[in-house]
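Engineer: In this text, residue positions in the sequence shown follow numbering that gives the first Met the number 0: the first is 0, and each later residue adds one.
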Amino acid sequence: MLIESFDIKSLIRPVIDFPKPGVIFRDITPLFQSPTALRLVMDSFAHRYVEADFTHIGAMDARGFLIGSVLAYQLNKPLVLFRKQGKLPADVLAEGYATEYGEAFLEVHADSLCEGDSVVMFDDLIATGGTLIAAANLIRRMGARIHEAAAIIDLPELGGSQRLEEQGIATFCLTQFALSEK
Numbered sequence: 000m001l002i003e004s005f006d007i008k009s010l011i012r013p014v015i016d017f018p019k020p021g022v023i024f025r026d027i028t029p030l031f032q033s034p035t036a037l038r039l040v041m042d043s044f045a046h047r048y049v050e051a052d053f054t055h056i057g058a059m060d061a062r063g064f065l066i067g068s069v070l071a072y073q074l075n076k077p078l079v080l081f082r083k084q085g086k087l088p089a090d091v092l093a094e095g096y097a098t099e100y101g102e103a104f105l106e107v108h109a110d111s112l113c114e115g116d117s118v119v120m121f122d123d124l125i126a127t128g129g130t131l132i133a134a135a136n137l138i139r140r141m142g143a144r145i146h147e148a149a150a151i152i153d154l155p156e157l158g159g160s161q162r163l164e165e166q167g168i169a170t171f172c173l174t175q176f177a178l179s180e181k
């Protein structure tokens, strides 16, 4: 993979005690501020999916939008936005889920996908998997299937990737962090 020659972990800033005490937030802002790193991340994802058999890119609100929009352009695929509650203007489907900090709802336009469509879902990281599982449930409710869930970062100790795999959703991440890793 292209990314192996570049240490993206060094450009992911740990923010201690954010958004609450005891949490180490993984800030991808520095990674996106490096043109070389940004290109390598996007090229790595594009390389993985350029010949894959799927029809749509699904992007999670909000940092997943950064990844998904670039890849939808690069791979010439339609982009489906999965938004936080109350942000979409037309008819929506909603799905509740638990986050590591509480509860939330994810919404998607009800006409975004149809039977036979296949989606690669993108987010910045996989923590508990709640957002991606909610998106997968919405995708399935529209009659489509999930090709894979992808992210820059996996936090395997929080179990999200395992939860996704247990639901039959393959995952792919460019790097991972232990919860205590600084």
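Built from N, CA and C at the ideal position, the CB exists for glycine as well.
From I7 to E114, what does the alpha carbon distance come to, in whole angstroms?
Structural biologist: Within the sequence shown, the letter at position 8 stands for residue 7. Within the sequence shown, the letter at position 115 stands for residue 114. Approximately 37 Å, taken between the alpha carbons.
Engineer: How about M120 and L131: do their beta carbons lie closer than 8 Å?
Structural biologist: Reading the sequence shown from its first residue, position 121 is the one you call residue 120. Reading the sequence shown from its first residue, position 132 is the one you call residue 131. Yes, the Cβ-Cβ distance between M120 and L131 is below 8 Å.
Engineer: Taking contact to mean 3 or more Cβ pairs, one atom from each stretch, closer than 8 Å, check whether the region 103 to 117 and the region 78 to 87 are in contact.
Structural biologist: Because the criterion of three Cβ pairs below 8 Å is met, the region 103 to 117 and the region 78 to 87 touch.
Engineer: Which residues in the same chain as F53 place their Cβ atom closer than 7 Å to its Cβ, once the five residues preceding and following it in sequence are excluded?
Structural biologist: Numbered from its first residue, the sequence shown carries residue 53 at position 54. Closer than 7 Å at the Cβ level, and outside the excluded window around F53, lie S117, V118, V119, H146.
Engineer: Among the candidates V69, R47, A71, P29, whose CA atom is the shortest distance from the CA of T170?
Structural biologist: Reading the sequence shown from its first residue, position 171 is the one you call residue 170. Nearest of V69, R47, A71, P29 to T170, Cα basis: R47.
Engineer: What is the DSSP secondary structure of V119, counted as helix, strand or coil?
Structural biologist: Translated into positions along the sequence shown, residue 119 becomes position 120. Residue state, collapsed to three classes: strand.
Engineer: When burial is assigned at 16 or more other CB atoms within 10 Å of the CB, is M0 buried or exposed?
Structural biologist: Taking the sequence shown and counting its residues from 1, one reaches residue 0 at position 1. Low confidence applies here, because M0 scores a pLDDT of 46, under 50, leaving its location unreliable and the question unanswered by this model.
Engineer: Assign E114 to one of three DSSP states: helix, strand, or coil.
Structural biologist: Along the sequence shown, one-based indexing puts residue 114 at 115. It is coil, neither helix nor strand.
Engineer: For E165, does the three-state DSSP call read helix, strand or coil?
Structural biologist: Within the sequence shown, numbered from 1, the residue matching residue 165 stands at position 166. Correct three-state label for E165: helix.
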